[in-house]
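Residue numbers (my numbering): 45 to 521.
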């Protein structure tokens, strides 16, 4: 049984302000109409593969589940990492889960935030690696380099075992420009794609040999795992004690079973805005643009507008990215440093590092339109068949106006319907709930008024999504 294992734990901080901690790049449509996670799963359609296992963090669980539902994929498991511990423990959690169903399970480990333009070449490479993985080899995929790239790690190939298959000699860190050029000139180095194919049992055997403390922590975490709706929750204390390391260093550099398949498939990890510029369609002046963009005499630049007009004249080699609440302007050759801006935002306690103006929830989304002293205006969208928690606020009252769809409103002991252009008032301290019983999205405008409008002023009484009141990150509608 070949099982795609998607690693979806990253935050993509170098793609800020579009990618944010609570809505990261793998959940965004950065290079097409679908999110990168959805595209990653779509490219496995040509393989004879079982339902996938997805490893993500708790904050993203409902968005991941919804994106799978949108493309009609029922995962074999959605495993929620209690803490970030890099790729080796994440793959171990998936392997332990798979061995409960199939002792011979093969894992195709895929980062959920990479781009592959030639899916047929990817499928052919997996087919080439499959018999070796079945025989007990730990296979990785190295991308044929097209330039002396300093933003990727590299794999040095050893002896040739078959066509496009080599012994794995070593992994090397991201090099400086001179070293990267020497790798390109040598001809035996490939970019490290972070993709692997191996038996779950073999991986765990090698982990026991080379990183036993890591495996023990993962085994304890999965032995104490609980089910929450459709999610698998490893035991928190056990997993938090797990050492943090990548699969490269924990296993692949130490094992005698490693091999690498050479892969030429238009691959990119979309690690920075410059990578999106490289893979995008560009005009005659080398500009790539998305959204409402007006350019005059600009060259070799990347422009992205998400909510308003972006106009530029007389600039070169820039990245300009606009969202509803932030604008990034950067030198296209220094976009790796965007992460420093995100760190600064976090140090200042600013919400722009974590959240967009539009915040996604398991029931839909909300967006702050106006925020002022003692009042706030929001646009709320509730998906068909969904409902918010039964809740109460100590410090604010709310006015709801239905813009489209049908609302089912609970206010204390009353349950009533609101149609388009109808409104209601929720007094301070009243238990209330909003639900969408219809077949189209419910959209309404909410006006909050009161002495305190923070999202932590929520007391939950019932919640169909199992969110706990003590979970501060979920104290948002």
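All C-beta atoms, glycine included, are put in the ideal place defined by N, C-alpha and C.
Start-to-end residues for the beta strand (DSSP E) that takes in residue i
| i | result |
| --- | --- |
| residue 374 | 371-375 |
| residue 422 | 419-426 |
| residue 200 | 198-206 |
| residue 487 | 486-494 |
| residue 332 | 332-334 |
| residue 504 | 503-506 |
Distance cut-off 8 Å: residue i Cβ against heavy atoms of the ligand NAP
| i | result |
| --- | --- |
| residue 88 | For the structure depicted, the ligand NAP is absent and the ligand set is empty, with no information on it obtainable. |
Inter-residue Cα distance where the pair is residue i and residue j
| i | j | result |
| --- | --- | --- |
| residue 406 | residue 491 | 22 Å |
| residue 78 | residue 72 | 7 Å |
| residue 125 | residue 48 | 18 Å |
| residue 217 | residue 134 | 21 Å |
| residue 433 | residue 508 | 7 Å |
| residue 515 | residue 127 | Only weak support exists for where residue 515 lies, its pLDDT of 43 falling under 50; the value from the coordinates is given anyway. Taking the straight line from one Cα to the other gives about 15 Å. |
| residue 100 | residue 399 | 18 Å |
| residue 277 | residue 222 | 45 Å |
| residue 57 | residue 271 | 30 Å |
| residue 501 | residue 437 | 6 Å |
| residue 445 | residue 421 | 11 Å |
| residue 317 | residue 220 | 19 Å |
Three-way DSSP call (helix, strand, coil) for residue i in this model
| i | result |
| --- | --- |
| residue 325 | coil |
| residue 515 | Any reading at residue 515 must be qualified, since the residue scores a pLDDT of 43, below 50, and its modelled position is unreliable; no value is offered. |
| residue 387 | helix |
| residue 251 | helix |
| residue 444 | strand |
| residue 291 | helix |
| residue 65 | coil |
| residue 317 | helix |
| residue 226 | helix |
| residue 48 | strand |
| residue 523 | What is shown of the chain runs 45 to 521, which leaves residue 523 out entirely. |
| residue 57 | helix |
| residue 213 | strand |
| residue 301 | coil |
| residue 284 | helix |
| residue 312 | strand |
One or two residues paired with residue i in a DSSP bridge
| i | result |
| --- | --- |
| residue 476 | 435, 455 |
| residue 186 | 236, 306 |
| residue 341 | None, per the DSSP bridge assignment. |
| residue 468 | 444 |
| residue 155 | 51 |
| residue 121 | 97 |
| residue 411 | 402, 423 |
| residue 461 | 452 |
Proximal residues to residue i (C-beta, below 7 Å), its chain only, five neighbours per side dropped
| i | result |
| --- | --- |
| residue 325 | 332 |
| residue 482 | 428, 449, 450 |
Bounding residues of the alpha helix (DSSP H) (the contiguous stretch that carries residue i)
| i | result |
| --- | --- |
| residue 78 | Counting along the chain, residue 78 falls outside any alpha helix (DSSP H), and DSSP gives it neither H nor E. |
| residue 499 | Looking at the DSSP string, residue 499 is not in any alpha helix (DSSP H), and its letter there is neither H nor E. |
| residue 72 | Careful: residue 72 lies outside any alpha helix (DSSP H) and carries neither H nor E. |
| residue 91 | Run containing residue 91: none; DSSP gives neither H nor E here. |
Neighbourhood of residue i by C-beta, 6 Å cutoff - its chain only, sequence neighbours within 5 removed
| i | result |
| --- | --- |
| residue 240 | 153, 184 |
| residue 55 | 65, 68 |
| residue 75 | 159 |
| residue 513 | Residue placement at residue 513 is flagged as unreliable, the pLDDT there being 41, under the threshold of 50; the coordinate-derived value follows with that caveat. Excluding residues within five positions, the ones whose Cβ falls inside 6 Å are 504. |
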